[in-house]
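These notes are about the structure you will find just below.
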Amino acid sequence: MTSTTNKPMKAIILYDSQSVGGSTDRLIDSIGKKLAKSGAYVEKARCKTNGDFSFVEEFDLVLLGAPIYYLLVASKLSGALSKSSLRTMLKGKKVALFVICGSPEPMAQFLYLP
């Protein structure tokens, strides 16, 4: 996807994950490849709770992603949104959010059944 000035769209994937090479990384790689195939310039970066997110200003699209641990979004992403400049930097941007979750037990059994 390109803008009207024929400059490639710049996208950044900001994510939080405790593991390397897991489900979150695989999804990020897949999303990044799809965006790049459409002509976008793509970067990825791990979230920090109290980081400086001024670099987000240079991107047209910001994708935020994290796994769900014990029914909660991973702490660094949620912390970045509440305790840093990230929320301010997202104003006026195209933003997408994705989460990853899984369980060895069926979730209906885990949540609702005795």
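According to UniProt numbering, the sequence shown is numbered sequentially starting from 1.
Glycine residues also receive a C-beta, built at the ideal position from the N, C-alpha and C atoms.
Segments assigned alpha helix (DSSP H), at least 4 residues, entirely inside the segment 21-51:
Counting whole runs of 4 or more residues, the segment 21-51 contains the alpha helix (DSSP H) stretches 23-37.
Report the residue from V20, A11, F98, K76 whose alpha carbon sits nearest the alpha carbon of T49.
Per the Cα distances, K76.
Given S84 as reference, the closest of Y15, G22, C47 once Cα atoms are compared
The candidate whose alpha carbon is nearest that of S84 is C47.
What's the call for A96, buried or exposed, on a 16-neighbour Cβ count within 10 Å?
Per the 10 Å Cβ criterion, exposed.
Is there contact here, the segment 5-15 with the segment 25-41, by at least three beta-carbon pairs under 8 Å?
Because the criterion of three Cβ pairs below 8 Å is met, the segment 5-15 and the segment 25-41 touch.
Any idea what DSSP makes of L86, helix, strand or coil?
Here L86 sits in helix by DSSP.
Given I13 as reference, the closest of V20, T24, S19 once Cα atoms are compared
With distances taken between Cα atoms, I13 lies closest to T24.
Residues bridged to L63 [DSSP beta-bridge criterion]
DSSP, once it has assigned bridges, lists I13, A96 as partnering L63.
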